[in-house]
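In the numbering used here, the protein residues as written are 193 to 688.
Report on the structure given below.
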Amino acid sequence: MDTSTVMMILAFVAAYFVWFRSVTRTLKGPKGPKLWPVVGSLPGLIENTSRMHEWIADNLRACSGTYQTCIFAIPFLARKQGLVTVTCDPKNLEHILKVRFDNYPKGPTWQAVFHDLLGQGIFNSDGDTWLFQRKTAALEFTTRTLRQAMARWVSRAIKNRFCPILETAQLEGKPVDLQDLLLRLTFDNICGLAFGKDPQTLSPGLPENSFASAFDRATEASLQRFILPEFIWKFKKWLRLGMELSLSHSLKHVDDYMTDVINTRKLELVSQQSGGSQHDDLLSRFMKKRESYTDKFLQHVALNFILAGRDTSSVALSWFFWLVTLNPKVEEKILIEICSILMETRGCDTSKWLDDPLVFEEVDRLIYVKAALSETLRLYPSVPEDSKHVIADDVLPDGTFVPAGSNITYSIYSAGRMKYIWGDDCLEFKPERWLSEDGKKFEPIDQFQFVAFNAGPRICLGKDLAYLQMKSIAAAVLLRHRLVLAAEHKVEQKCH
Ligand code: HEM
Numbered sequence: 193m194d195t196s197t198v199m200m201i202l203a204f205v206a207a208y209f210v211w212f213r214s215v216t217r218t219l220k221g222p223k224g225p226k227l228w229p230v231v232g233s234l235p236g237l238i239e240n241t242s243r244m245h246e247w248i249a250d251n252l253r254a255c256s257g258t259y260q261t262c263i264f265a266i267p268f269l270a271r272k273q274g275l276v277t278v279t280c281d282p283k284n285l286e287h288i289l290k291v292r293f294d295n296y297p298k299g300p301t302w303q304a305v306f307h308d309l310l311g312q313g314i315f316n317s318d319g320d321t322w323l324f325q326r327k328t329a330a331l332e333f334t335t336r337t338l339r340q341a342m343a344r345w346v347s348r349a350i351k352n353r354f355c356p357i358l359e360t361a362q363l364e365g366k367p368v369d370l371q372d373l374l375l376r377l378t379f380d381n382i383c384g385l386a387f388g389k390d391p392q393t394l395s396p397g398l399p400e401n402s403f404a405s406a407f408d409r410a411t412e413a414s415l416q417r418f419i420l421p422e423f424i425w426k427f428k429k430w431l432r433l434g435m436e437l438s439l440s441h442s443l444k445h446v447d448d449y450m451t452d453v454i455n456t457r458k459l460e461l462v463s464q465q466s467g468g469s470q471h472d473d474l475l476s477r478f479m480k481k482r483e484s485y486t487d488k489f490l491q492h493v494a495l496n497f498i499l500a501g502r503d504t505s506s507v508a509l510s511w512f513f514w515l516v517t518l519n520p521k522v523e524e525k526i527l528i529e530i531c532s533i534l535m536e537t538r539g540c541d542t543s544k545w546l547d548d549p550l551v552f553e554e555v556d557r558l559i560y561v562k563a564a565l566s567e568t569l570r571l572y573p574s575v576p577e578d579s580k581h582v583i584a585d586d587v588l589p590d591g592t593f594v595p596a597g598s599n600i601t602y603s604i605y606s607a608g609r610m611k612y613i614w615g616d617d618c619l620e621f622k623p624e625r626w627l628s629e630d631g632k633k634f635e636p637i638d639q640f641q642f643v644a645f646n647a648g649p650r651i652c653l654g655k656d657l658a659y660l661q662m663k664s665i666a667a668a669v670l671l672r673h674r675l676v677l678a679a680e681h682k683v684e685q686k687c688h
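Printed below as a string of structure tokens:
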């Protein structure tokens, strides 16, 4: 190699390091994850894959709630698409999720990744497309009839399938995979609510359900796309390789299933007009609103709701039951609450307590159970991290500059675990923190402090339904069984 080439390489390296130093200096949070030349924060990310949420929380604790990093420290990328601002500060969250809502959409990466499965459904759209669906759906979510529909689907599944399966396991002295049972139960519920058909994935013998499996595989494969640069997964899609091939098969299956559901429902709605049976699911509600909705649009409406309301409740319930086994005093208080309500509504004959699951009015009175579920979601939110895209340069309330084109990750997991937000006992499981001093009233906490259901205009639409469903299931299980963790079973978060 001649001298001039060597000099040129050295000049490049020197210029890179000058640039690299200037980048690291301008990033917020010097105590955040270490930034390496070229590979940025990737080494830290890889090293901490198995404890990702704890790692982010550690970094946020060290940086008073906000830090910036870049996945790759490469000129032109590092200050734009490659720059990530990570925060859990309630003031910043209010700014991103409400005050400057229009400046922080989900963004193009999200939409591209989920487009094949969710289309431009409520969960996967921004701007006017999102607003229209939000308004239409929000009207439905305030109706009493939708709450009644959820109560009906949940009660039926608890009574006819969930309780018998648990009872058999108890009689046979066999352990159960509670998370799997809950996942099946909430999948059945949300399908009932979304399109009026319970696929009964929760049944004795736990049968494999091809729609549920195809939906699972499609979600998993879509999520995999996040790891790869867009042009790579698009190229793989074009060549029909690996996960992309599996995704296209799963999508075809989901599509066939939903087409069948929609066609059947259309026929039923016609017969309903001439006196046939009534339907109160979301799909029928959308169909009755306007006849011009295309089948694809209706399919995406249903699929978006299934994705939104499926794993979220079952994961929260799994953590809840685990936390209850670790906190017998909480379990006792829950039982006292359920029993005192049943004593009032069904009398002293305890055999009547187990005849049927709690009805809506009984569930509504479960204040302590609601507090324990909220406390669970504070410590173990079903959506631990979420992200937004930055449209125009902005400054967050804590002074952090966020450039256009960059991304913001807001850590819901960390937001529930900061001393400066929740106090010194923030890592303890204390349902009491959600109750008034006399313990009689549930006291909601500011939505930007407790973000497990998101906040602002995009706050979870199914929050009340989720509480209704989770309280019914929690009461049904704890009234009948005392749960114990199976020997040698390790409880851990799935981070990838
Ligand atoms: C414990 C249970 C649940 C939790 C923790 C939860 C949490 C969340 C979160 C964090 C979001 C924001 C996601 C994002 O924008 O990236 C969200 C959105 C949403 N959730 Fe839930 N959810 C739960 C149950 C449900 C249920 C049962 C339904 C439906 C019946 C539902 C319907 C929705 C919908 C439609 C959205 C999208 C709202 C929008 O973008 O305007 N959720 N939920």
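By construction, the Cβ of each residue, glycine as well, lies at the ideal position given by its N, Cα and C atoms.
### Query
Going by Cα to Cα distance, which pick from E364, D372, P222, W302 is closest to W511?
Among E364, D372, P222, W302, the Cα nearest to that of W511 belongs to D372.
### Query
Relative to the alpha-carbon of S690, which residue among M535, K580, G591 has its alpha-carbon at the smallest distance?
Outside the modelled stretch of the chain, which goes from 193 to 688, sits residue 690, for which no answer is possible.
### E577, enclosing alpha helix (DSSP H) - first and last residue
Here E577 belongs to no alpha helix (DSSP H); instead the beta strand (DSSP E) covers 577-581.
### Query
Which residue from L495, R650, W345, K480 puts its Cα closest to that of F407?
Answer by Cα proximity: L495.
### Every unbroken alpha helix (DSSP H) within the segment 336-406, with a cutoff of 4 residues, ordered by chain
The alpha helix (DSSP H) runs of length 4 or more contained entirely in the segment 336-406 are, from start to end of the chain, 336-349, 355-364, 370-387.
### Message
Which residue wins for smallest C-alpha separation from T258, given the options A249, V278, M244?
### Response
Among A249, V278, M244, the Cα nearest to that of T258 is on V278.
### Query
Would you say A304 touches the ligand HEM, meaning its beta carbon is less than 7 Å from a heavy atom?
No; taking the cut-off as 7 Å, the Cβ of A304 has no heavy atom of the ligand HEM nearer than that.
### Task
Check each candidate in Q362, L363, Q392, K366 and name the one with the smallest Cα separation from R376.
Checking every option, the nearest Cα to that of R376 belongs to Q392.
### Query
Since L358 contacts V669 with CB under 8 Å, what's their CB separation in whole angstroms?
A Cβ-Cβ separation of about 7 Å places L358 in contact with V669 under the 8 Å criterion.
### Task
Kindly indicate which three-state DSSP category G501 falls into: helix, strand or coil?
Per DSSP, reduced to three states, the secondary structure at G501 is helical.
### Message
Using DSSP's beta-bridge definition, name the partner residues of G232.
### Response
Partner(s): W228.
### Task
Return yes when the Cβ of P589 is within less than 8 Å of the Cβ of K283, no when it is not.
If you check the CB distance, K283 and P589 come in under 8 Å.
### Message
Does the beta-carbon of S664, which I'm using as the reference point, lie nearer than 7 Å to any heavy atom of the ligand HEM?
### Response
It does not: the Cβ of S664 is nowhere closer than 7 Å to a heavy atom of the ligand HEM.
### Message
What I want to know is whether the C-beta of R650 ends up closer than 7 Å to one or more non-hydrogen atoms of the ligand HEM.
### Response
True, at least one ligand heavy atom lies under 7 Å from that Cβ.
#### Entry: Status (buried if at least 16 other CB within 10 Å, exposed otherwise) for T334
By the C-beta density criterion, T334 is exposed, having fewer than 16 other C-beta atoms within 10 angstroms.
### Task
Between the Cα of S214 and those of L527, A270, R457, I382, spot the shortest distance and give me the residue it belongs to.
Comparing alpha carbon positions, the residue from L527, A270, R457, I382 closest to S214 is A270.
### Task
Can you say whether L518 is buried or exposed, counting buried as having 16 or more other CB atoms within 10 angstroms of its CB?
Around the beta carbon of L518, a 10 Å sphere encloses fewer than 16 other beta carbons of the protein chains shown; the residue is thus reported as exposed.
### Task
Give the straight-line distance between the Cα atoms of A564 and P623, rounded to the nearest whole angstrom.
Spanning the two alpha carbons is a distance of roughly 5 Å.
### Query
Going along the chain, which residues of its own chain have a beta-carbon closer than 8 Å to the beta-carbon of F264, five neighbours each way excluded?
Leaving aside the five residues that flank F264 on each side, the residues in its chain whose CB is nearer than 8 Å to its CB run, in chain order, V230, V231, G232, L234, A270, G274.
### Message
Does the segment 339-349 come into contact with the segment 478-493, if we say contact requires no fewer than three beta-carbon pairs (one atom in each stretch) closer than 8 Å?
### Response
Taking 8 Å as the limit for Cβ pairs, the verdict is that the segment 478-493 does not touch the segment 339-349.
### Task
Return yes when the Cβ of V516 is within less than 8 Å of the Cβ of A667, no when it is not.
Taking C-beta atoms as the reference points, A667 and V516 fail to come closer than 8 Å.
### Query
Assuming A584 contacts A596 under a Cβ cut-off of 8 Å, what Cβ separation, rounded to an integer in Å, is found between them?
Right, the Cβ-Cβ distance comes to about 5 Å (below 8 Å), so this counts as a contact.
### Query
Skipping 5 residues on each side, what residues in its chain have a beta carbon closer than 6 Å to that of T216?
Its chain contains L227 as the residues whose beta carbon lies nearer than 6 Å to that of T216, once the 5 sequence neighbours on both sides are disregarded; these appear in chain order.
### Message
Given the structure, does T504 come close to the ligand HEM, in the sense that its CB is under 7 Å from one of the ligand's heavy atoms?
### Response
Checking every heavy atom of the ligand HEM against the Cβ of T504, one is found closer than 7 Å.
### Task
On the DSSP bridge assignment, give the partners of F512 in chain order.
Under DSSP, no beta-bridge partner is assigned to F512.
### Message
Going residue by residue through the segment 575-659, where are the continuous beta strand (DSSP E) segments of at least 3 residues, counting only ones entirely within it?
### Response
577-581, 599-603, all fully within the segment 575-659.
### Task
Might you give, ordered along the chain, the residues of its own chain that have their beta carbon closer than 7 Å to the beta carbon of N240, omitting 5 neighbours on each side?
Only W247 meet the Cβ criterion.
### Query
Just how far apart, CA to CA, sit C280 and N646?
Straight through space, the alpha carbons of N646 and C280 are spaced by roughly 12 Å.
### Message
Alpha carbons only, please: which of R409, L675, F387 is nearest the one belonging to L309?
### Response
Considering only R409, L675, F387, the residue with the shortest C-alpha distance to L309 is R409.
### Task
Note down the Cα distance separating L546 from M535, rounded to an integer number of angstroms.
Between L546 and M535, the C-alpha separation is close to 12 Å.
#### Entry: N295 CB to nearest heavy atom of the ligand HEM below 7 Å
Outside the cutoff, so no.
### Query
Heavy atom of the ligand HEM less than 7 Å from the Cβ of V346, yes or no?
Taking non-hydrogen atoms of the ligand HEM into account, the C-beta of V346 is found less than 7 Å away from none of them.
### Task
Over the uninterrupted alpha helix (DSSP H) stretch that includes Q303, give me the two end residues.
Element bounds for Q303: 300-310.
### Query
Going by DSSP, which residues form a beta bridge with C262?
Answer by DSSP bridge pairing, in chain order: L275.
### 8 Å contact criterion, which Y612 and H245 should meet: CB distance rounded
The pair is not a contact, with the Cβ atoms about 18 Å apart (cut-off 8 Å).
### Task
Compare the C-alpha of H287 against each of T411, T592, D380 and name the closest.
Here the closest residue by C-alpha is T592.
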